[in-house]
Amino acid sequence: MYAFANVLLALLLIYACKIVPKKTRAVPQNYDVFLSFRGEDTRTGFTDFLYISLVDAGFLVFRDNDALPVGKEIGSELLQAIRNCQIAIPIISERYAQSKPCLRELNEIMDCHTKHRKSVFPVFYKVDVVDVLEQRGIFGKALREHRRHCSSRDVQNWELALTSVAGIRGWTSQAIANGHEGELVKMVVAKVSSVLKTRWIERLLIFSMLMSYYRIRSVYLYFSEKKRSEVFLAFHGPDTRCGFAAHLCSSLMDARINVFKIDDPSLIGKNVSSEIRNAIEHCKISIPILSENFASSHWCLDELAQIVECKKTKGQEMLPIFYKVKPSDVKELLNSFGGNMRQQKKLFKRSKYKQWKQVLREVGSSKGWESGKIANGHEGVLVKQIVKKVLRLLMNPQTHDRSITIH
Numbered sequence: 030m031y032a033f034a035n036v037l038l039a040l041l042l043i044y045a046c047k048i049v050p051k052k053t054r055a056v057p058q059n060y061d062v063f064l065s066f067r068g069e070d071t072r073t074g075f076t077d078f079l080y081i082s083l084v085d086a087g088f089l090v091f092r093d094n095d096a097l098p099v100g101k102e103i104g105s106e107l108l109q110a111i112r113n114c115q116i117a118i119p120i121i122s123e124r125y126a127q128s129k130p131c132l133r134e135l136n137e138i139m140d141c142h143t144k145h146r147k148s149v150f151p152v153f154y155k156v157d158v159v160d161v162l163e164q165r166g167i168f169g170k171a172l173r174e175h176r177r178h179c180s181s182r183d184v185q186n187w188e189l190a191l192t193s194v195a196g197i198r199g200w201t202s203q204a205i206a207n208g209h210e211g212e213l214v215k216m217v218v219a220k221v222s223s224v225l226k227t228r229w230i231e232r233l234l235i236f237s238m239l240m241s242y243y244r245i246r247s248v249y250l251y252f253s254e255k256k257r258s259e260v261f262l263a264f265h266g267p268d269t270r271c272g273f274a275a276h277l278c279s280s281l282m283d284a285r286i287n288v289f290k291i292d293d294p295s296l297i298g299k300n301v302s303s304e305i306r307n308a309i310e311h312c313k314i315s316i317p318i319l320s321e322n323f324a325s326s327h328w329c330l331d332e333l334a335q336i337v338e339c340k341k342t343k344g345q346e347m348l349p350i351f352y353k354v355k356p357s358d359v360k361e362l363l364n365s366f367g368g369n370m371r372q373q374k375k376l377f378k379r380s381k382y383k384q385w386k387q388v389l390r391e392v393g394s395s396k397g398w399e400s401g402k403i404a405n406g407h408e409g410v411l412v413k414q415i416v417k418k419v420l421r422l423l424m425n426p427q428t429h430d431r432s433i434t435i436h
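According to this note's numbering, the sequence shown holds residues 30 to 436 in order.
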């Protein structure tokens, strides 16, 4: 019986791949995808390539091809298209925030995302996500200009919309295939296709009957959800993302250990902060990589605080790595590590700073690996030791091996 259900589910998946791009639509105003973009930046380039590729894949795409005159409000057609579409793709480019119509579109998109769980897949086109998140640089300048001519309520809504969209996992154009936009377009189209085909299957009456009658919910989840991660790596991106952290992640995965990766395609469209919190809460082992600039990031410090909390309350394993810093630098806030941490004192409330300081003291007092003391700093040897330790813990959670460096 279960074998029959599995086969039928697989056939439905195959059938959806063939039928969805060819289906007819009785209501043309119900778009599959809404593209929000700054015409001057991307209309004839990236946005055009993406639009054509989505249409060629069989999707109904709304693209406002007529630039609005300066000062004109976005029309009811655009608002209705946003509300009725299944997926919104805001293409956040350098001058996006200079356009009030773009910001109004984004505000409507994020409002629908919050209230109606609208899928939002942002593309950060030749911009830094942090600049969008914190309204720095040209984004901050644009909003300051809007404050001179627009209501404070509108500007606050736009600031919130920019912060919210930057908190959603999307694509950063420069990070995809060294900036090759053709590859980025393929990835966006593939994600849209995957999501819409899955939704089409879920709407089938026979699918609902199968789920109920054969109790194959677990089978469907196998297809639609990523296996829960066993290991969470916390690290400061500019310090170690392309070096030590990348090699460690690759070696863990080569050992068939499931590692949480924020760049996993399955996370596109999801809130980054909530996904990270969920990953930390449910992983078995957390590995914070304490590097020179780790404490300069409040995201890294928040992750570390949750890791320590889960260690205390859930008994999770924490395996700290002191990468080119000493445990005493972390514990006592010494040298450049401590200097970075003291900068946070100027930016955050005293209670938050005190919490982070206590967390760093606890981690600095924990046993872990000090990179400079392992095989004269040879990182390949250190990675092997870490993978060996992780495998031992996963096979026998009760094992508390004292072979790692104790300081």
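Glycine residues also receive a C-beta, built at the ideal position from the N, C-alpha and C atoms.
Keep in mind it's a predicted model, so treat the numbers as computed, not measured.
Rounded Cβ spacing between I116 and V158 (contact assumed at less than 8 Å): About 20 Å separates the two Cβ atoms, so there is no contact after all.
Span of the beta strand (DSSP E) around L319: 314-319
Assigned secondary structure, E338 (DSSP; H/G/I helix, E/B strand, else coil): Of the three classes helix, strand and coil, the one that applies to E338 here is helix, per DSSP.
Using 8 Å as the Cβ pair cut-off and three pairs as the minimum, do the stretch 380-399 and the stretch 348-359 touch? yes
Examine the Cβ distances between the stretch 166-181 and the stretch 199-207 and report whether three or more of them are shorter than 8 Å. no
Quick one: complete beta strand (DSSP E) runs, 3+ long, within the stretch 255-289? 260-263
Same chain only: Cβ atoms within 7 Å of L107, ignoring 5 sequence neighbours per side: D93, E134
Please give me, in chain order, every unbroken run of the alpha helix (DSSP H) with length at least 4 that falls completely inside the stretch 355-395. Those alpha helix (DSSP H) runs which fall completely within the stretch 355-395 and span 4+ residues are 356-361, 364-376, 379-393.
How big is the Cα-Cα spacing for L225 and V90? 13 Å
Check each candidate in N425, A190, V260, D268 and name the one with the smallest Cα separation from M347. The shortest C-alpha separation from M347 is found at V260.
Just to confirm the assignment, what range does the alpha helix (DSSP H) spanning P130 have? 129-145
Residues bridged to V62 (per DSSP): Looking at the DSSP output, V62 sits in a beta bridge with V90, I116.
According to DSSP, simplified to helix, strand and coil, what is E519? An answer regarding residue 519 cannot be provided, because it is not within the stretch 30 to 436 covered by the chain.
Between E304 and E310, what straight-line distance do the alpha-carbon atoms span, to the nearest angstrom? 10 Å
S148 bridges to which residues according to DSSP? I116
Sort out for me which residues DSSP pairs F351 with in a bridge. Partner(s): L319, E399.
Between which two residues does the alpha helix (DSSP H) holding H407 run? Premise fails: H407 is in no alpha helix (DSSP H) and is neither H nor E.
For the stretch 201-215 and the stretch 75-83, state whether three or more C-beta atom pairs, one from each stretch, are separated by less than 8 Å. yes
Can you tell me the Cα-Cα spacing of F273 and E408, whole angstroms? 7 Å
Beta-bridge partners of W328, as assigned by DSSP: BP columns for W328 are empty, so no partner.
Can you give me the start and stop residues for the alpha helix (DSSP H) that G7 sits inside? Only positions 30 to 436 of the chain appear in the structure, and residue 7 is not among them; the question remains open.
Rounded separation between A55 and C114 - CA only: Because A55 carries a pLDDT of 39, less than 50, the predicted location of this residue cannot be relied on, and no value is offered for it.
For the alpha helix (DSSP H) that H454 lies in, which residues bound it at each end? Lying outside 30 to 436, the shown extent of the chain, residue 454 is not represented and no answer is given.
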